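Counting the sequence shown from 1 gives a position; this note's numbering is that position plus 1.
Using N, Cα and C, we set each Cβ at its ideal position, and we do this for glycine too.
Computed from a predicted model, the values in this text were never measured in an experiment.
Take a look at the structure below.
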Amino acid sequence: MRSLGAGAAGLGLSACGLLRRERPANVVIILADDLGYGDLGCYGAMNAATPNLDRLAAEGLRFTDFYVPQAVCSASRAALLTGCYPNRISLLHALMPQAENGISPEEETIAELLRERGYACGVFGKWHLGHHPEFLPLRHGFDEYFGLPYSNDMWPVGYDGVPVGPDDSKARHPYPPLIDGERKVGEVRTLADQDGLTGLYTARAVRFIEKNKDRPFFLYVPHSMVHVPLGVSAEFRDRSGRGLYGDVLMELDDSVGRILGALKKAGLDRRTLVVFLSDNGPWLNFGNHAGSAGPLLAGADPARFRLPGDGRLDGHPADGGPDRRGPAPAPQDRWPRPSAAPARRFRRFPPRGAIFLLREGPPRRPRGPLEAPRPPRLSFLRRSGARPGRLPRPHGEAGDGVRPL
Ligand SMILES: [Ca+2]
2 MRSLGAGAAG LGLSACGLLR RERPANVVII LADDLGYGDL GCYGAMNAAT
52 PNLDRLAAEG LRFTDFYVPQ AVCSASRAAL LTGCYPNRIS LLHALMPQAE
102 NGISPEEETI AELLRERGYA CGVFGKWHLG HHPEFLPLRH GFDEYFGLPY
152 SNDMWPVGYD GVPVGPDDSK ARHPYPPLID GERKVGEVRT LADQDGLTGL
202 YTARAVRFIE KNKDRPFFLY VPHSMVHVPL GVSAEFRDRS GRGLYGDVLM
252 ELDDSVGRIL GALKKAGLDR RTLVVFLSDN GPWLNFGNHA GSAGPLLAGA
302 DPARFRLPGD GRLDGHPADG GPDRRGPAPA PQDRWPRPSA APARRFRRFP
352 PRGAIFLLRE GPPRRPRGPL EAPRPPRLSF LRRSGARPGR LPRPHGEAGD
402 GVRPL
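Written out as structure tokens, the structure reads:
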């Protein structure tokens, strides 16, 4: 991620050099949320309705081996925008609506670097680097911001769209504000409100391109989708033939198409660097409301690796299953049944150069009707770089270096 963050800025800056006599190249970064490696046609998904992303890959570079430093929203975004490991700048995991912290004014974002060089900078989507005014985009190099300050499921509503009771942990959350600049202009209160997010972000992104077509710009579009709860506009509902997740993915792809179309219409498609990526892998325990990791083992929040043993890591994309108000996938279809082992939450090992925290015991209680229980054993990768050879293999195979407890 460091290389991507630094690379994105670097490409923009080197473009300044290459085109010194002309206008520097524009930079567009489109960030999906919880999209799986195996969701897109260009990464092998069968019958994927992602023609615009597939075309982007065919006309450009397709990276097949790319990692974010933490497979979770805030940390991944922190690294993308600063080029720093998120631990170094104290932005770990996902900031909650109760968080008091956010991105430090001491850090330098891509937007700040590019604005110094005359770029207009806009962000339309999920920020998630702190929701207090001093952490919002306008204080960190951006000229325009519209979107949610954190994840779309950080609200007092269950994943089925029903408001939670007072004893639910989500009851402490406010309804997420829609922010324009630094002003709250609305709230996301219902699943119907979620349906409009992709379209709202896209419209603002296209307008930003049109408004700034005569000057260099940096456009950052961190979509709220395909993070649960899923939302899709009426135009795309029931269109993919692959369930709600497929519909949402189809609209996300269409958003990319609209942004690319706006660039072409403005005559900027040959002078704009467009980068598309996901902030982390699919949130696998949401069944057919989650994407597919394809050939990979990892999912989101945080990086997950199955220990050797029975079962299989299964993150199928939508397969024509129930809509978001439908029943949850049966837990026993997705994970081995809970073991009878006594619960023992976190145990650190080994003492020298510890790199894993292992969790064992019964699965965590599902947080809603659409979430299956977590499996009885997970390994949490906390630090890398220690003890070469002891890391789980990143692709395709269970980690033989991870010792089951
Ligand atoms: Ca995410």
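What's the call for residue i, buried or exposed, on a 16-neighbour Cβ count within 10 Å?
i, result
"THR203", "buried"
"HIS133", "exposed"
"ALA59", "exposed"
"HIS94", "exposed"
"LYS265", "exposed"
"PRO106", "exposed"
"LEU62", "exposed"
"ASN48", "exposed"
"PHE64", "exposed"
"LYS185", "exposed"
"GLN71", "buried"
"PRO150", "buried"
"LYS212", "exposed"
"GLU236", "exposed"
"ALA172", "exposed"
"ARG216", "exposed"
"ASP168", "exposed"
"GLY18", "Its pLDDT being 47, under 50, GLY18 is placed unreliably in this model, and the value from its coordinates should be taken loosely. Answer is exposed; the Cβ neighbour count stays below 16."
"PHE218", "buried"
"MET97", "exposed"
"GLU135", "exposed"
"PHE67", "exposed"
"ASP154", "buried"
"PRO25", "buried"
"ASP239", "exposed"
"GLY45", "exposed"
"GLY123", "buried"
"SER279", "buried"
"ARG205", "buried"
"SER91", "exposed"
"GLY244", "buried"
"GLY166", "exposed"
"SER170", "exposed"
"PRO296", "exposed"
"ARG23", "This sequence places Glu at residue 23; Arg is not what is there. GLU23 comes out exposed."
For the beta strand (DSSP E) that contains residue i, what are its first and last residues?
i, result
"ARG184", "184 to 188"
"THR273", "273 to 279"
"LEU36", "Segment: none, LEU36 is in no beta strand (DSSP E) and carries neither H nor E."
"ALA291", "Note, ALA291: premise wrong, no beta strand (DSSP E); not H, not E."
"PHE125", "121 to 125"
Measure the CB-CB distance between residue i and residue j and report whether it falls below 8 Å.
i, j, result
"PRO51", "GLY37", "According to the sequence provided, residue 51 is Thr. The question's Pro does not apply to it. Not closer than 8 Å, so no."
"LEU137", "GLU183", "yes"
"GLY292", "VAL227", "yes"
"PHE125", "GLY148", "yes"
"ALA263", "ILE180", "no"
"PRO157", "PRO164", "yes"
"SER241", "ASP248", "yes"
"ALA294", "GLY39", "yes"
"ARG78", "LEU130", "yes"
"VAL69", "ASN286", "no"
"VAL229", "TRP284", "yes"
"HIS224", "LEU261", "no"
"GLY159", "ALA112", "no"
"ASP34", "LYS127", "yes"
Return the first residue and the last residue of the alpha helix (DSSP H) that residue i is part of.
i, result
"VAL233", "Unbroken run through VAL233: none, as it is neither H nor E."
"PHE219", "Run containing PHE219: none in the alpha helix (DSSP H); it sits in the beta strand (DSSP E), 218 to 223."
"VAL436", "Given that the chain is displayed from residue 2 to residue 406, the structure contains no residue 436 and the question cannot be resolved."
"GLY197", "That residue, GLY197, is in no alpha helix (DSSP H); it is neither H nor E in DSSP."
"ALA46", "It is not in any alpha helix (DSSP H) - ALA46 carries neither H nor E in the DSSP assignment."
"ALA112", "111 to 116"
Exercise. Should the region 265 to 280 be called in touch with the region 24 to 32, which here means at least 3 C-beta pairs below 8 Å?
Worked result: With three or more CB-CB distances shorter than 8 Å, the region 265 to 280 counts as touching the region 24 to 32.
For this session: Could I get the ranges of all uninterrupted beta strand (DSSP E) runs contained in the region 128 to 182, with 3 residues as the minimum, in chain order?
Result: Taking only runs of at least 3 residues, the beta strand (DSSP E) segments lying wholly in the region 128 to 182 are 145 to 148 and 178 to 181.
Problem set entry | Every unbroken beta strand (DSSP E) inside the region 48 to 85 [3 residues or more] | You should have found no qualifying run.
Exercise. Just checking, does the region 177 to 196 make contact with the region 115 to 123 on the three C-beta pairs under 8 Å criterion?
Worked result: Not touching, per the Cβ criterion.
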